[in-house]
Amino acid sequence: MQYFTNAEPVKVYADCIQSKNKKLKPDDNISIIVKFSNGSVGNLIYVANGDKSLPKESIEVFGAGKVAVINDFKDGSFHAGNKTRKLKSSGKGHQQEIIAFLTALNEGHGSPISFRSICLTTLTTFKIIDSLKTGLPQEIHANS
């Protein structure tokens, strides 16, 4: 979400399904809201009780009257001006990620993903756990 918003997370709230069904673990079905420093809001839904006919991963990005939808990082669509353009990819980007990392190492460049971004992602994950425990939104503070 940091990539799509080009902003840092500042607050997170998470909640999960409570059920008497012993096969359904509460932390396997979570809804997460992340607030970003530029006012953007991201919603992450992680569910284990969905149907297998749907993509395992789906991303929807809304902004400036446009919408992009990505399914399993393999295909998607871009919607703007009442028109839809289909998108295709040859993979989920793992190979490109490794190439970018190795290129940065070989050429002496910085990491393709900043250390600060990685730290903020990790901190946000811990704050999600805190929110699940307390039932309250959690502020995200990372020292500069």
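Quick note: to get this note's numbering, add 556 to the position in the sequence shown (first position is 1).
The C-beta atom is built at its ideal place from N, Cα and C for all residues, glycine as well.
- Distance from the CA of Thr690 to the CA of Phe634, rounded to the nearest whole angstrom, comes to 38 Å.
- Distance from the CA of Leu676 to the CA of Arg641, rounded to the nearest whole angstrom, comes to 33 Å.
- Counting C-beta pairs closer than 8 Å gives fewer than three between the stretch 608-627 and the stretch 562-574, which falls short of the contact rule.
- Residue environment: Ser670 is assigned as exposed (fewer than 16 neighbouring CB atoms within 10 Å of its CB, all protein chains considered).
- By the neighbour-count criterion, in which 16 or more other beta carbons inside 10 Å mark a residue as buried, Lys683 falls on the buried side.
- Residue environment analysis places Pro565 among the buried positions, since at least 16 neighbouring C-beta atoms fall within 10 angstroms of its C-beta.
- Looking only at Ala636, Phe657, Val590, the smallest Cα-Cα distance to Ala563 is reached by Val590.
- Burial of Ile696 is indicated by the presence of at least 16 other C-beta atoms within 10 angstroms of its C-beta.
- With distances taken between CA atoms, Tyr602 lies nearest to Asp584 out of Asp584, His650, Val568.
- In this chain, the alpha helix (DSSP H) harbouring Phe560 covers 558-561.
- Looking at the DSSP output, Arg672 shares a beta bridge with no other residue.
- Distances from the CA of Ser593 to each of Ile615, Lys567, Glu653 were compared; the closest alpha carbon is that of Lys567.
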